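Taking mature numbering (1 follows the signal peptide of the UniProt record, and there is no 0), I'd label the letters of the sequence shown as residues -32 to -1, 1 to 166.
Using N, Cα and C, we set each Cβ at its ideal position, and we do this for glycine too.
As the structure is a computational prediction, the values presented were derived from the model and not from experiment.
A quick write-up on the structure given underneath.
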Amino acid sequence: MTISKRFFRLRFVALLWIGLTVCLAAAGSAHADTIAVQRASLQADGTGWDLDARFDFELNSSLEDAVNKGIPLYFTTEFDLTRARWYWFDEQPVSVTQTLRLSFQPLTREYRVSSGGGLQQGFPSLKEALAVIKHVTSWRVIERNQVQPGESYTASVRMQLDTALMPKPFQVDAVNNRDWTLASDWKRFTFTVAERVK
């Protein structure tokens, strides 16, 4: 076998190996855990709008094991409101987040869901606690003075497991461990502000 033939054969094998590695990596990422946004809408009450959204997901065995060992999990929901402008960057009158903390109390055998506002609820099962996290309701996201009557906006919402809020040792592990990746894509919908009645 000449040197040139050997070179091309080695090059072909190397390219084949790289291609196989890329395919396996893509297949692995395709199985990453995701959160599905089942629905999202805005409910008006005269002074502003509340977000009502339903998410669907399951905790993998690693996350469930972590909770049961006393490691809290943080689920952050993000809401953005934008309006396209032809003469400048898009206007973004609203960009807010809400985080719920899921934890387990071994002494009482109780799962707890708490928010930064001090609200805390206890549940006898993980399934019941997750049901509360999966349904975001009565969350004030837009005040009436933040939007213009008659204008149309794009509302966007998503949820993710917020590993940045976890204790430092687990943050490091989460960066390198796909089991700690749990997030949804952005769910976008059109929101038109009703004209004010004169």
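Give the straight-line distance between the Cα atoms of G14 and Y42, rounded to the nearest whole angstrom.
-> 32 Å
Classify R108 as buried or exposed, calling it buried when 16 or more other Cβ atoms lie within 10 Å of its own Cβ.
-> exposed
Could you please give me the residues that DSSP links to G16 through a beta bridge?
-> E111
Below 6 Å CB to CB, which residues in the same chain sit around D48 once its five sequence neighbours on both sides are set aside?
-> S63, S124
Can you tell me whether DSSP reads T122 as helix, strand or coil?
-> strand
Close beta carbons around L94, own chain, < 6 Å, minus the five adjacent residues each side = Y79
Taking all protein chains shown into account, decide if L(-9) is buried (16 or more other Cβ within 10 angstroms of its Cβ) or exposed.
-> Only weak support exists for where L(-9) lies, its pLDDT of 36 falling under 50; the value from the coordinates is given anyway. Exposed, because fewer than 16 other Cβ atoms sit within 10 Å of the Cβ of L(-9).
Cβ-based neighbour list, G84, same chain, cut-off 7 Å, excluding 5 preceding and 5 following = T67
Would W17 be called buried (16 or more neighbouring beta carbons within 10 Å of its own) or exposed?
-> buried
Compute every distance between the C-beta of P117 and the non-hydrogen atoms of the ligand MG, then say whether any falls below 6 Å.
-> Absence of the ligand MG from the depicted structure is noted, as is the absence of any ligand whatsoever, leaving it without description.
Should D147 and N28 be called a contact, given that it needs their Cβ atoms to be closer than 7 Å?
-> yes
For R77, count neighbouring C-beta atoms within 10 Å of its own C-beta (all shown protein chains included) and say buried if the count is 16 or more, exposed if not.
-> exposed
Among residues of its own chain, excluding the 5 on either side of K102, which ones have a beta-carbon nearer than 6 Å to its beta-carbon?
-> F23
What three-state label does DSSP hand N87 in the structure shown?
-> Looking at the sequence itself, residue 87 is Leu, so the reference to Asn does not match. Coil, per DSSP.
Determine which residues share a DSSP beta bridge with T160 and list them.
-> S120
Which residues does DSSP pair with K155 in a beta bridge?
-> V125
CB-CB under 8 Å to T158, same chain, minus the five flanking residues each way: which ones, in chain order?
-> S120, Y121, T122, A123
Inter-residue CB distance, I110 and L31 (contact presumed, cutoff 8 Å) = Wrong, their Cβ atoms sit about 32 Å apart, outside the cutoff.
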